[in-house]
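Please read the structure below before turning to the comments.
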Amino acid sequence: MFDILTNVTSLSLTNRQLTGHREHLRRGRVELRTRGASGEGEFSSGSDSEACGHCRRGGFGALSGEASPCCIITKVELCASRGFQCERHEVRTADGYTLALVHVLGRAGAARVAGQTPVLVQHGMLMSSDAYLLRKDDDNLPLILSGAGFDVWVGNYRGNAVSPHEHVTLSPDSYQFWNFSWHEMGLHDLPALVDYVLERSGQDDLHYIGHSMGSTGMMVLLSSRPEYNRKIRLATFLAPVAYVSRLRSRLFTQLASVAGRIKDFLVSHRIWNVLPRSAAIHRLADTLCLFPGADKLVCNPLLFEIAGHSPEHVLPNYASLIGAYLPAGTTIRIMEHYYEVARTGKFRPLGYGMGDPNPGAEYNIAAITAPVALYYSANDYFVYPPDVEQLANDLPNVFHKYLVPDSTFNHFDFILGVDARQLLFKEVLGVMLQREAALNSLHSQTHSFNPNDLLVHYLLSQKKSLYF
Numbered sequence: 285m286f287d288i289l290t291n292v293t294s295l296s297l298t299n300r301q302l303t304g305h306r307e308h309l310r311r312g313r314v315e316l317r318t319r320g321a322s323g324e325g326e327f328s329s330g331s332d333s334e335a336c337g338h339c340r341r342g343g344f345g346a347l348s349g350e351a352s353p354c355c356i357i358t359k360v361e362l363c364a365s366r367g368f369q370c371e372r373h374e375v376r377t378a379d380g381y382t383l384a385l386v387h388v389l390g391r392a393g394a395a396r397v398a399g400q401t402p403v404l405v406q407h408g409m410l411m412s413s414d415a416y417l418l419r420k421d422d423d424n425l426p427l428i429l430s431g432a433g434f435d436v437w438v439g440n441y442r443g444n445a446v447s448p449h450e451h452v453t454l455s456p457d458s459y460q461f462w463n464f465s466w467h468e469m470g471l472h473d474l475p476a477l478v479d480y481v482l483e484r485s486g487q488d489d490l491h492y493i494g495h496s497m498g499s500t501g502m503m504v505l506l507s508s509r510p511e512y513n514r515k516i517r518l519a520t521f522l523a524p525v526a527y528v529s530r531l532r533s534r535l536f537t538q539l540a541s542v543a544g545r546i547k548d549f550l551v552s553h554r555i556w557n558v559l560p561r562s563a564a565i566h567r568l569a570d571t572l573c574l575f576p577g578a579d580k581l582v583c584n585p586l587l588f589e590i591a592g593h594s595p596e597h598v599l600p601n602y603a604s605l606i607g608a609y610l611p612a613g614t615t616i617r618i619m620e621h622y623y624e625v626a627r628t629g630k631f632r633p634l635g636y637g638m639g640d641p642n643p644g645a646e647y648n649i650a651a652i653t654a655p656v657a658l659y660y661s662a663n664d665y666f667v668y669p670p671d672v673e674q675l676a677n678d679l680p681n682v683f684h685k686y687l688v689p690d691s692t693f694n695h696f697d698f699i700l701g702v703d704a705r706q707l708l709f710k711e712v713l714g715v716m717l718q719r720e721a722a723l724n725s726l727h728s729q730t731h732s733f734n735p736n737d738l739l740v741h742y743l744l745s746q747k748k749s750l751y752f
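In terms of our numbering, the sequence shown opens at residue 285 and continues consecutively.
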């Protein structure tokens, strides 16, 4: 399960030169259609055929540290620039949407190891799989997990900038295509991704990591379709959004007060894909936020107002990096759904309009029997700590709960914080190893001795992980 010997002798991630890599990516995609074990939908896989756009400064060399904000590149290229190999796969949901899925194959040139435990990593609102690959080489969570011996997959929800805007019958120019919230993502996207990963890996269950809306969607799935609980070895929720009793962002509080008018404006102008990744936002962020002093005076403070004041944790070119990659699209109903949760204090499906007197019953949190690890912070403007405490009280199987030991850590820092590796990712990996040790212990009671038990327990006995 864990390729320990390889990792001990090669602990640091290496850069890989990208000369000729773009041409390699131009190969046509080979589609492999299969069915998931549960019949969740059709799956296809193949190489990523997207080409990198023109980079006006720094070229690919800029990618040896944090990703360059002046060059939006593909998922496969982001992986390769960090010394890892990745594949792009596509998954068809039961209701007809196509999702992109990135498979981290491991370090470039390293031998593949069969039987590794799979991990599915899922992004939050306005994000995509790219968000997990923007940090410098050895600071990206999926690559840390891959280096620790896990079989890592990074998913994308429907309609974001990485998933194809494709449907079996609906046009992406229509309102019907964009008429979804995180409810549909939980009911359709996540089971399709989970089943695909399990089908490809040959495993019965997997680890799940979801940030923000990535946690919301999984709570929808596990509470609505309890049979999926047995497929989750451990659900790791980073900044989990279920209960929203308090919005600490003044900007979002003001926007919430005029939510109805915002919705009317978007509908009247036929704006279904809200804040998509666009060249205009990219150029604005690139031009304004890279101007000397503008990042500290204008751009970073705006992001702090959204996610929490956190100047201590920002990456270089923080605002321009977010402007380039992270507005990856959302929908009216996603925003409306979160607004309704905040307005009513109820974690439940969205009705047919704001203030609908007949919304669905609340999601049954008590039905989430899979073990859950909760990670939250005091300075998160989206996730109020008492709401996480309430969630922990309502969940029947909390395996671990962790308040980030830094009072300035904000909502974006869970993915992009300059010291997230030490403050968060180390804990996440350690708890996942603890879960593996617990499962191996149970397994050994009824099966023959597994040498992986010694390896896992050896890791846990160290004061710090070998990977940090």
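Virtual Cβ for every residue (Gly too), placed ideally from N, Cα, C.
- Positions of the alpha helix (DSSP H) runs, each at least 4 residues long and wholly inside the segment 444 to 502, are given as 474 to 485 in order along the chain.
- Apart from sequence neighbours up to five positions away, the residues of its chain that approach Val-672 with a beta-carbon distance below 7 Å are Pro-524, Leu-658, Tyr-660, ordered along the chain.
- Asp-690 has no beta-bridge partner at all, per DSSP.
- For His-373, the enclosing beta strand (DSSP E) starts and ends at 368 to 376.
- DSSP places Lys-420 in the coil class of the three-state scheme, outside both helix and strand.
- A contact between stretches requires three or more CB pairs, one per stretch, nearer than 8 Å, and the segment 518 to 535 meets this requirement with the segment 664 to 678.
- In summary, Val-438 is buried, with 16 or more beta-carbon neighbours lying within 10 Å of its beta-carbon over all protein chains present.
- At the C-beta level, Pro-402 and Leu-490 come within 9 Å of one another.
- Contact between Leu-427 and Phe-464 does not hold, since their C-beta atoms are separated by about 30 Å, which reaches or exceeds 8 Å.
- By the C-beta criterion, the segment 397 to 415 is judged to be in contact with the segment 611 to 624, since at least 3 inter-stretch pairs fall below 8 Å.
- Counting along the chain, His-695 sits inside no beta strand (DSSP E), nor does DSSP assign it H or E at all.
- DSSP places Val-397 in the coil class of the three-state scheme, outside both helix and strand.
- Remark: C-beta atoms of Leu-383 and Asn-424 do not approach each other more closely than 9 Å.
- Here the C-alpha atom of Ala-394 lies approximately 49 Å from the C-alpha atom of Thr-537.
- Judged by beta-carbon spacing, Gly-433 lies beyond the 9 Å limit of Asp-422, meaning their Cβ atoms are not closer than that value.
- When DSSP reads this structure, Val-504 sits in no beta bridge, so it has no partner.
- Counting only the Cα atoms, Val-481 lies some 10 Å from Pro-475.
- Secondary structure at Asp-548: helix, using DSSP grouped into helix, strand and coil.
- Close CB contacts of Ala-654 within its chain, under the 7 Å cut and outside five residues either way in sequence, are with Leu-506, Asn-513, Ile-516, Ala-519, Asn-681 (chain order).
- Less than 9 Å separates the beta-carbon of Gly-443 from that of Phe-461.
- Approximately 15 Å separates the beta-carbon atoms of Leu-713 and Val-688; this is outside 8 Å, ruling out the contact.
- DSSP places Thr-653 outside any beta strand (DSSP E), giving it a letter other than H or E.
- Here DSSP, grouped into helix, strand and coil, assigns Pro-669 to helix.
- Rounded to whole angstroms, the separation of the alpha carbons of Lys-710 and Val-702 is 14 Å.
- The residue from Tyr-623, Tyr-492, Leu-471 with its alpha-carbon nearest to that of Leu-539 is Tyr-623.
- Nearest neighbour of Val-405 by Cα position, chosen from Ala-415, Arg-396, Gly-399, turns out to be Ala-415.
- Within the DSSP secondary-structure output, Gly-408 pairs in no beta bridge.
- Where Ile-428 is concerned, the enclosing alpha helix (DSSP H) starts and stops at 425 to 431.
- In this structure, the CA atom of Phe-693 is about 6 Å from the CA atom of Asn-663.
- Using a Cβ distance threshold of 9 Å, Ile-618 and Met-497 count as a contacting pair.
- For His-621, the number of other beta carbons within 10 angstroms of its own is at least 16, and it is reported as buried.
- Around the beta carbon of Asn-557, 16 or more other beta carbons lie within 10 angstroms, which makes this residue buried.
- In this structure, the alpha-carbon of Leu-634 lies about 12 Å from that of Val-504.
- In the displayed model, Phe-434 falls within coil according to three-state DSSP, outside both helix and strand.
- In this chain, the alpha helix (DSSP H) harbouring Ala-540 covers 534 to 541.
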